[in-house]
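Trainee: Residue numbers (UniProt numbering): 1 to 447. A virtual CB, placed ideally from N, CA and C, is assigned to each residue, including glycine. Okay, here's the structure, questions in a sec.
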Amino acid sequence: MIKFQILPLPSYHSPITWLVLPFFFLYVFSFSAELSTAIGNISLGFLLVFGLIWFFKESKAIAEKDLLLYLSISFLFYIAARTFWAGQEWPHQWEQQWDAAKGWLLTGFLTVYLISFWVSKHKNPNNLAVLVFLLFALGFTFSILPYFEFQNLIQIINGKREQFGFAGTEAGLYSAFGIILVITLTPFVVNLTPPKFKIYLVFTLIALVSILLFALLATKARGAWLGFVLALSVSFVLFIFSREENLFPKKDFSIVLTAFLTFLMVLMALQSDKIYSRITSEGKVISQIIEEGVDKAEVTSISKRVLMWRWGINRWMERPWFGWGPRNLHFVAKKDPIIEKVPKLTHLHNTFIEILVRFGVVGFAFFFFQWILIFNAIRTTWQKSIIPPPLANFLIAGWVLWVVWSFFAFRLNHPEMSFFIALLGGVPYGIKKHSINHTKNPSPNPY
Numbered sequence: 001m002i003k004f005q006i007l008p009l010p011s012y013h014s015p016i017t018w019l020v021l022p023f024f025f026l027y028v029f030s031f032s033a034e035l036s037t038a039i040g041n042i043s044l045g046f047l048l049v050f051g052l053i054w055f056f057k058e059s060k061a062i063a064e065k066d067l068l069l070y071l072s073i074s075f076l077f078y079i080a081a082r083t084f085w086a087g088q089e090w091p092h093q094w095e096q097q098w099d100a101a102k103g104w105l106l107t108g109f110l111t112v113y114l115i116s117f118w119v120s121k122h123k124n125p126n127n128l129a130v131l132v133f134l135l136f137a138l139g140f141t142f143s144i145l146p147y148f149e150f151q152n153l154i155q156i157i158n159g160k161r162e163q164f165g166f167a168g169t170e171a172g173l174y175s176a177f178g179i180i181l182v183i184t185l186t187p188f189v190v191n192l193t194p195p196k197f198k199i200y201l202v203f204t205l206i207a208l209v210s211i212l213l214f215a216l217l218a219t220k221a222r223g224a225w226l227g228f229v230l231a232l233s234v235s236f237v238l239f240i241f242s243r244e245e246n247l248f249p250k251k252d253f254s255i256v257l258t259a260f261l262t263f264l265m266v267l268m269a270l271q272s273d274k275i276y277s278r279i280t281s282e283g284k285v286i287s288q289i290i291e292e293g294v295d296k297a298e299v300t301s302i303s304k305r306v307l308m309w310r311w312g313i314n315r316w317m318e319r320p321w322f323g324w325g326p327r328n329l330h331f332v333a334k335k336d337p338i339i340e341k342v343p344k345l346t347h348l349h350n351t352f353i354e355i356l357v358r359f360g361v362v363g364f365a366f367f368f369f370q371w372i373l374i375f376n377a378i379r380t381t382w383q384k385s386i387i388p389p390p391l392a393n394f395l396i397a398g399w400v401l402w403v404v405w406s407f408f409a410f411r412l413n414h415p416e417m418s419f420f421i422a423l424l425g426g427v428p429y430g431i432k433k434h435s436i437n438h439t440k441n442p443s444p445n446p447y
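Right under this line is the structure:
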């Protein structure tokens, strides 16, 4: 039996942990567009300021040789220098360039390191990781509950989602993320619950997944839909072939999975005509793009995105090394025929092309090496059984979801998306750091 506490009382830096977690919950709760951004700004400001104070208070941490720390500091200097350069190039856009750079300066790389630093200092980082991710899912779920009125639910079931107030590609990502989280961590949550409470927990998990699934359908975010299908498939394969699958029974997991799949099939059956219509229409446009070219294809959201991708790649090739600066290029391309054709798309709807256009190959290299460090941390901790298999399963599926979603959307320069990525990256990196720091004085297996 695995000795792994799902909701532990943090035993190391306990006052710090319990002081940070409420602000963390409030920040995720503020993701809903209906709430005042003041909640999010105050919470994020507290998390960053408190994290920096705690970091500098730990004198040994400043001198530690950590590649992610050096990469984070270098990236901040690069963003500042590139923004200053862009401001000199377009003096009338000076203020807008610095405003665009805030999302990269305030969060991003430094937040990844601060979260990894916090996790690595905890006595049991696996427990803290599960607690943080569960709070993320709960915080986002509570933030979208006001949208679920009776008439809205009827509209979703009937496939008429145009007037549903909750929308946005990032909302689809967070909804899919929450579903993957519940599905992958269910084996531990259910297995370690006292028998008399299991039935209540199962119904709670089903309700949570149902709410998030409704939100995922309501957003109409194709990137989130596709990413969800692929991430769930990857999660299922990892679960089946996990080397540690014999450590926990599957019967409790199968109950929730069966209920979820049944609920999903019922929703798909109710909206089969809408789903079929969307797949066939977008398949037709994709065929037109391949056979006749994007310029002759029917103007839809797919063809608009392909136009913007091509336009972005052409702009990147004009300045391949350092890019054009932190702000999008629409302000210098008002008379461009492509921009006039897709006036509502204010960015390139592709995270990777957007990074190349704004910061060039040099800026993209910072992100690439950061992702390499994070993926290596996930691989190492999983292979060495440092983290529980379901947690590794969830982290891998979460990254698959974000990568697929990022091919269709871009929001990495916004604080909430940077914070989301900082969680996915900082947690596994922090767990790896914790294991390295305790190699000389090994502690009992945390799970």
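Rounded to whole angstroms, what's the CA-CA distance from W399 to K121? Just pull it up for me.
Mentor: Here residue 399 corresponds to residue number 399 of the sequence shown, with the count starting at 1. Here residue 121 corresponds to residue number 121 of the sequence shown, with the count starting at 1. When rounded, the distance between both Cα atoms is 24 Å.
Trainee: Grouping DSSP H, G and I as helix and E and B as strand, with all else coil, what is G323?
Mentor: Numbered from 1 along the sequence shown, position 323 holds the residue referred to as residue 323. Coil at G323, not helix or strand.
Trainee: What do you get for W311, buried or exposed, if any count of 16 or more other CB atoms within 10 angstroms of its CB means buried?
Mentor: For the purposes of this step, residue 311 is taken as residue 311 along the sequence shown, with counting starting at 1. With 16 or more Cβ atoms within 10 Å of its Cβ, W311 is classed as buried.
Trainee: Any chance the stretch 406–416 sits against the stretch 346–364, with 3 or more Cβ pairs inside 8 Å?
Mentor: Enough Cβ pairs lie closer than 8 Å, so yes.
Trainee: Look up A397 in the DSSP assignment and say whether it is helix, strand or coil.
Mentor: Indexing the sequence shown from 1 puts residue 397 at position 397. Correct three-state label for A397: helix.
Trainee: State whether the stretch 169–182 contacts the stretch 221–233, with contact taken as three or more CB pairs (one from each stretch) at a distance under 8 Å.
Mentor: The stretch 169–182 vs the stretch 221–233: in contact.
Trainee: Keeping to the same chain, check which residues put their C-beta closer than 7 Å to that of N246; ignore five residues upstream and five downstream.
Mentor: Walking along the sequence shown from the start, residue 246 turns up at place 246. The predicted position of N246 is uncertain, since its pLDDT is 44 and thus under 50; a value taken from the coordinates is nonetheless stated next. Answer for N246: no residue qualifies.
Trainee: Assuming the contact rule is C-beta atoms closer than 8 Å, P388 and N126 should be a hit. Round their C-beta distance to whole Å, please.
Mentor: Here residue 388 is taken as the residue at index 388 of the sequence shown, counted from 1. Here residue 126 is taken as the residue at index 126 of the sequence shown, counted from 1. At roughly 6 Å, the Cβ-Cβ gap stays under 8 Å, so P388 and N126 are in contact.
Trainee: Please report the straight-line C-alpha distance between G426 and I79, rounded to a whole angstrom.
Mentor: By one-based count along the sequence shown, residue 426 stands at place 426. By one-based count along the sequence shown, residue 79 stands at place 79. Each residue's Cα considered, the two are about 20 Å apart.
Trainee: Measuring CA to CA, which of D99, W104, I436 is closest to E416?
Mentor: Working through the sequence shown from its first residue, we reach residue 416 at position 416. Minimum Cα distance to E416 is reached at W104.
Trainee: Here's a check: name, in chain order, each residue in its chain whose Cβ is nearer than 6 Å to the Cβ of A422, leaving out the five neighbours to either side.
Mentor: Counting from one through the sequence shown, the residue named residue 422 turns up at place 422. The answer, listed in chain order, is T111, V112, I115.
Trainee: Along the alpha helix (DSSP H) that carries A80, what are the first and last residues, could you check?
Mentor: Along the sequence shown, one-based indexing puts residue 80 at 80. Per DSSP, A80 belongs to the alpha helix (DSSP H) from 67–89.
Trainee: To the nearest angstrom, how far is the alpha carbon of S385 from that of I183?
Mentor: Looking up residue 385 in the sequence shown gives position 385. Looking up residue 183 in the sequence shown gives position 183. Whole-angstrom Cα-Cα distance: 21 Å.
Trainee: Assuming contact is defined by CB atoms lying nearer than 7 Å, are K432 and T380 in contact in what I supplied?
Mentor: Position 432 of the sequence shown holds residue 432. Position 380 of the sequence shown holds residue 380. Cβ distance < 7 Å, so K432 and T380 count as in contact.
Trainee: What's the gap between the Cα of L185 and the Cα of F394?
Mentor: Stepping through the sequence shown from its first residue, residue 185 is reached at position 185. Stepping through the sequence shown from its first residue, residue 394 is reached at position 394. About 7 Å.
Trainee: Let me make sure I understand the geometry here. Which of F367, P91, A207, I355 has the alpha-carbon closest to that of I313?
Mentor: On the sequence shown, position 313 is the one that residue 313 refers to. Per the Cα distances, I355.
Trainee: Measure the alpha-carbon distance for Q88 versus W321 and round it to whole angstroms.
Mentor: Here residue 88 refers to the residue found at position 88 of the sequence shown. Here residue 321 refers to the residue found at position 321 of the sequence shown. If you take the alpha carbons of Q88 and W321, they lie about 18 Å apart.
Trainee: Rounded to a whole number of angstroms, what is the C-alpha to C-alpha distance between A218 and S210?
Mentor: Position 218 of the sequence shown, counting from 1, holds the residue named residue 218. Position 210 of the sequence shown, counting from 1, holds the residue named residue 210. A218 and S210: Cα-Cα distance of roughly 12 Å.
Trainee: Near Y174, which residues of its chain fall below 6 Å by C-beta distance, leaving aside the five closest residues on each side in sequence?
Mentor: The residue labelled residue 174 in the question sits at position 174 within the sequence shown. Same-chain partners within the cutoff: F140.
Trainee: Using three-state DSSP, classify K123 as helix, strand or coil.
Mentor: Counting from one through the sequence shown, the residue named residue 123 turns up at place 123. Reduced to three states, the DSSP call for K123 is coil.
Trainee: Return the CA-CA distance between P249 and F84, expressed in angstroms with no decimal places.
Mentor: The residue labelled residue 249 in the question sits at position 249 within the sequence shown. The residue labelled residue 84 in the question sits at position 84 within the sequence shown. Any answer about P249 is weak, because its pLDDT of 47 lies below 50 and its placement is not dependable; what the coordinates show is given next. Each residue's alpha carbon lies about 57 Å from the other.
Trainee: Express the C-alpha separation of H414 and D99 in angstroms, rounding to a whole number.
Mentor: Residue numbering aside, residue 99 sits at position 99 when the sequence shown is read from its first letter. Residue numbering aside, residue 414 sits at position 414 when the sequence shown is read from its first letter. Near 11 Å, if we compare the C-alpha coordinates of H414 and D99.
Trainee: Taking the alpha helix (DSSP H) that L373 falls in, what are its first and last residues?
Mentor: Taking the sequence shown and counting its residues from 1, one reaches residue 373 at position 373. Start and end: 351–383.
Trainee: According to DSSP, is N314 helix, strand or coil?
Mentor: The sequence position of residue 314 within the sequence shown is 314, counting from 1. Of the three classes helix, strand and coil, the one that applies to N314 here is helix, per DSSP.
Trainee: Please state the DSSP three-state secondary structure of I387.
Mentor: Taking the sequence shown and counting its residues from 1, the one referred to as residue 387 is at position 387. In this structure, I387 counts as coil in the three-state DSSP scheme.
Trainee: Among K65, S74, D66, which has the Cα closest to the Cα of F366?
Mentor: Along the sequence shown, one-based indexing puts residue 366 at 366. Comparing Cα positions, the closest option is S74.
Trainee: Please classify A176: does DSSP put it in a helix, a strand, or coil?
Mentor: As a working mapping, residue 176 is identified with position 176 in the sequence shown. Three-state result, A176: helix.
Trainee: If you compare alpha carbons, which of Y200, A86, W90, H92 is closest to A101?
Mentor: To locate residue 101, count along the sequence shown from 1; it is residue 101. Looking at the Cα atoms, A86 is the closest of the given residues.
Trainee: Would you tell me roughly how many angstroms separate the C-alpha atoms of L131 and S435, rounded to the nearest one?
Mentor: Residue numbering aside, residue 131 sits at position 131 when the sequence shown is read from its first letter. Residue numbering aside, residue 435 sits at position 435 when the sequence shown is read from its first letter. Taking the straight line joining both Cα atoms gives about 19 Å.
Trainee: Can you tell which of F77, K304, R358, A207 has its C-alpha closest to the C-alpha of residue 452?
Mentor: No information on residue 452 is available, as it lies outside the stretch 1 to 447 that the chain covers here.
Trainee: Buried or exposed: where does A397 fall if 16 or more other Cβ atoms within 10 Å of its Cβ makes it buried?
Mentor: The count along the sequence shown starts at 1 and reaches residue 397 at position 397. The residue in question, A397, is buried, as its Cβ has 16 or more Cβ neighbours within 10 Å.
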